[in-house]
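Some notes on the structure that comes next.
Number of protein chains: 2
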Amino acid sequence: MRKSCQHPRHEGQELSSLTGRLRREARKVTGPRAAILEILRHHPHPLTIKEVFEELPKSGCDLATVYRAMQMMEKLGMVKRFDFGDGAARFELMNEGDNGHHHHLICTRCAQVVRIEECFPAEIERQIASKNGYQAVTHRLEFFGICPDCQK
Amino acid sequence: MRKSCQHPRHEGQELSSLTGRLRREARKVTGPRAAILEILRHHPHPLTIKEVFEELPKSGCDLATVYRAMQMMEKLGMVKRFDFGDGAARFELMNEGDNGHHHHLICTRCAQVVRIEECFPAEIERQIASKNGYQAVTHRLEFFGICPDCQK
DNA sequence: TTTAATATTGCAAACCATTTGCAGTTAGAC
DNA sequence: GTCTAACTGCAAATGGTTTGCAATATTAAA
């Protein structure tokens, strides 16, 4: 997790559209929430709560507030939770209307993250569901490997 | 997690072959370890540490001992760790020589678990790896849905 | 069979991510 | 401006997991 790159995918999402979304749901747009959204908006990859917390301006807000904000925004579908298996939840801002289903390729040495658009074949998933009589089947999928930098 | 069924896949694995494996690695075969292996041997699906702990005979052993035993056996490749995303690691006994790579279909209502043999297509995984310059790429994949019982 | 070396255990305390209760504060509808 | 529900900080609680340490048990060797 090194660069705080200005990724076009999120840059496109105006802060005003995000806060509007909060207001629409009868949620208050507070200082901490605006700050958290600003941070997410400028990060293309999932961030842990602690990472968000540490990027907060000087006297940002309480850690508990970040947890509560994320929970709330997850419920509203504004952020999506990812689990890289290291014990810390990660959150990524979602574009409105997007269901946010996608995966990542994570470097097991340096934790660099690449967004992956490939997905588990829907047809096979359908077979798995029907063969076992399950309904509403989805999946959680992440890839792990060694990134180019870490191979040197 | 209901039945403690005697699944053929694990029944086949003799306790003696398991303890032999420990001894070979200069690990001591203690009461707690034998008891833990017995439990794993009789359960076809990944168990949490707490589940193992609770199945232990009356005055089984300390929780910490179960944690330590699992860690050690994971290092030796005797058990494999799975993550169903609920905050508790799960462990499954591995057959010797098997790399243990497989997935599960988990009911989000009752936590019933089905072992899945289908896997993410190797060819696509290869493409993902090379496209991004990553090496030694694997994946973590679990399916979630509603089991037949819970649909009623 | 006893010994000696050392791996393992129980216990309690420590850790870390996350949640929660509560009293005080604040955004925003009116 | 007022009012109230939503929100916040703080500190304490939670749940999974790890760890330090002194006591104990397994195993190889004598």
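Heads up: the sequence lines are chains A and B, in that order. Going by the numbering used here, the first sequence opens with residue 1, and the numbers climb by one from there. Going by the numbering used here, the second sequence opens with residue 1001, and the numbers climb by one from there. Each residue gets a CB set at the ideal place from its N, CA and C atoms; glycine is no exception. None of these values were measured; they are calculated from a predicted model.
Excluding the 5 residues preceding and the 5 following residue i in the sequence, name in chain order all residues of the same chain whose CB lies nearer than 8 Å to its CB.
i	result
A/R23	V29
A/C119	H101, H102, H103 and L141
A/E25	L76
A/I39	L47, V52, E55 and L56
A/S16	none
B/D1083	A1089, R1090, R1140 and E1142
B/Y1067	I1049
Report the rounded CA-to-CA distance for residue i versus residue j, giving the unit in angstroms.
i	j	result
A/E14	B/Q1071	46 Å
B/G1031	B/I1049	17 Å
A/R140	A/I146	20 Å
B/T1138	B/E1125	8 Å
B/L1018	A/M78	49 Å
B/R1027	B/G1060	19 Å
A/Q112	A/D62	27 Å
A/G20	B/D1098	53 Å
B/K1152	B/N1132	45 Å
A/P121	A/K58	46 Å
A/L37	B/L1037	48 Å
A/P148	A/H42	24 Å
B/E1117	A/Q127	12 Å
A/G87	B/D1086	10 Å
A/P8	A/E123	Only weak support exists for where A/P8 lies, its pLDDT of 46 falling under 50; the coordinates are left without a value.
Go through its chain and collect everything with a Cβ distance to residue i's Cβ below 7 Å, but skip five positions before and after it.
i	result
A/Y134	none
B/C1150	C1107, R1109 and C1110
A/T65	P32
B/M1073	V1079
B/F1144	I1106 and T1108
B/A1069	P1032, R1033 and I1036
Which bits of chain B does residue i rub up against, with CB to CB less than 7 Å?
i	result
A/V114	N1132
A/Q151	Q1135
A/E118	I1124 and I1128
Find the residues of chain A that neighbour residue i, judging by a C-beta separation of less than 9 Å, and give them in chain order.
i	result
B/V1137	L105, F143, F144, G145 and I146
B/A1129	L105, F143 and G145
B/A1024	According to the sequence displayed, residue 1024 of chain B carries Arg and not Ala. The contacting residues do not exist; B/R1024 stays about 28 Å from chain A at best.
Suppose the cutoff is 6 Å on Cβ atoms and the five residues either side in sequence are ignored; what does the same chain contact list for residue i look like?
i	result
B/L980	No statement about residue 980 of chain B is possible, as the shown extent of chain B runs from 1001 to 1152 and does not include it.
B/R1080	Checking the sequence, you will find Lys at residue 1080 of chain B rather than Arg. Closer than 6 Å at Cβ, skipping near neighbours: E1092, M1094 and G1100.
A/E96	none
A/V114	L105
B/A1136	none
B/A1129	V1137
A/N45	Note that residue 45 of chain A corresponds to His in the displayed sequence, not to Asn. Cβ neighbours of A/H45 beyond the five flanking positions: V113.
Can you name the residues that DSSP bridges to residue i?
i	result
B/T1138	A/F144
A/A89	A/D83
B/I1049	In DSSP, B/I1049 forms no bridge with anything.
A/R115	A/H104
At a CB-CB cut-off below 7 Å, which residues of chain A make contact with residue i?
i	result
B/E1123	Result: empty, since nearest Cβ-Cβ is about 11 Å, beyond 7 Å.
B/R1126	What B/R1126 touches in chain A: nothing, since even the nearest Cβ is about 11 Å away.
At 8 Å on the CB atoms, spell out the chain B contacts of residue i, in chain order.
i	result
A/R109	The contacting residues do not exist; A/R109 stays about 10 Å from chain B at best.
According to a CB-to-CB cut-off of less than 7 Å, which residues of the segment 72–93 of chain A neighbour chain B?
-> Within the segment 72–93 of chain A, contact with chain B at the beta-carbon level (separation under 7 Å) is assigned to D83 and G85.
What residues in the segment 42–61 of chain A bring their beta carbon closer than 8 Å to a beta carbon of chain B?
-> Of all residues in the segment 42–61 of chain A, none has a C-beta nearer than 8 Å to a C-beta of chain B.
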